[in-house]
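Heads up: the sequence shown runs through residues 21 to 155, numbered per the numbering used here.
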Amino acid sequence: MGCEKDYRKWDCKKDFTEEINEKYDYALFFFSLNIVFGERKYDKLIKDAKKILKGNGTLIIWDIPSLPLTINKYNIRVRISNEKIITMPYMLGFNPFRVKYTKVIDILKRNGFNISKNNIKNDYYYIEANTAKEG
Numbered sequence: 021m022g023c024e025k026d027y028r029k030w031d032c033k034k035d036f037t038e039e040i041n042e043k044y045d046y047a048l049f050f051f052s053l054n055i056v057f058g059e060r061k062y063d064k065l066i067k068d069a070k071k072i073l074k075g076n077g078t079l080i081i082w083d084i085p086s087l088p089l090t091i092n093k094y095n096i097r098v099r100i101s102n103e104k105i106i107t108m109p110y111m112l113g114f115n116p117f118r119v120k121y122t123k124v125i126d127i128l129k130r131n132g133f134n135i136s137k138n139n140i141k142n143d144y145y146y147i148e149a150n151t152a153k154e155g
């Protein structure tokens, strides 16, 4: 089983799914949703992500629940295969309109996702949500 490295930069003003002709088993938001300002934009992003998932696809969200008051720079080590670990630069700043963890769960459910795993700790949260199976 391989891992495709396709990724898209999301633009809230347009539907990025128009450029994608395939459906995927998984979509991953890795330390990227904390910059989304407000529930409406977050809701649109989840709807857009659902469009590119197969009928039994899984959406994974891995993010930071805390809200720093200053801009912080991090280097996150990410394992991309059994042999390779890369360092990913990451900046996190203050976002007063950030969507909270409990609201993320609500948005996922409202958009037809079933929460299969969720875990929150002091420094991160992890959610796996599945689309409804095609009937």
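For each residue, glycine too, the CB sits at the ideal point set by N, CA and C.
- [ ] State buried or exposed for residue 49, treating a residue as buried only when at least 16 other CB atoms are found within 10 Å of its CB.
- [x] Along the sequence shown, one-based indexing puts residue 49 at 29. Buried.
Task: Within the region 100-147, ranges of the alpha helix (DSSP H) (whole runs, at least 4 residues) - done: Fully enclosed alpha helix (DSSP H) runs of 4 or longer: 121-130.
- [ ] Assess, as a yes-or-no matter, whether the region 68-78 is touched by the region 93-106 under the definition of 3 or more beta carbon pairs within less than 8 Å.
- [x] no
Task: Reference residue 97; option with closest CA among 122, 51, 145 and 124 - done: Position 77 of the sequence shown, counted from the start, is the residue given in the question as residue 97. Of 122, 51, 145 and 124, the smallest CA-CA separation from residue 97 is found for 51.
Open item on the list: Please state whether the Cβ-Cβ distance between residue 131 and residue 64 is less than 7 Å.
Closed with: As a first step, residue 131 is located in the sequence shown; it is residue number 111 there, counting from the start. As a first step, residue 64 is located in the sequence shown; it is residue number 44 there, counting from the start. Not a contact, by the Cβ cut-off of 7 Å.
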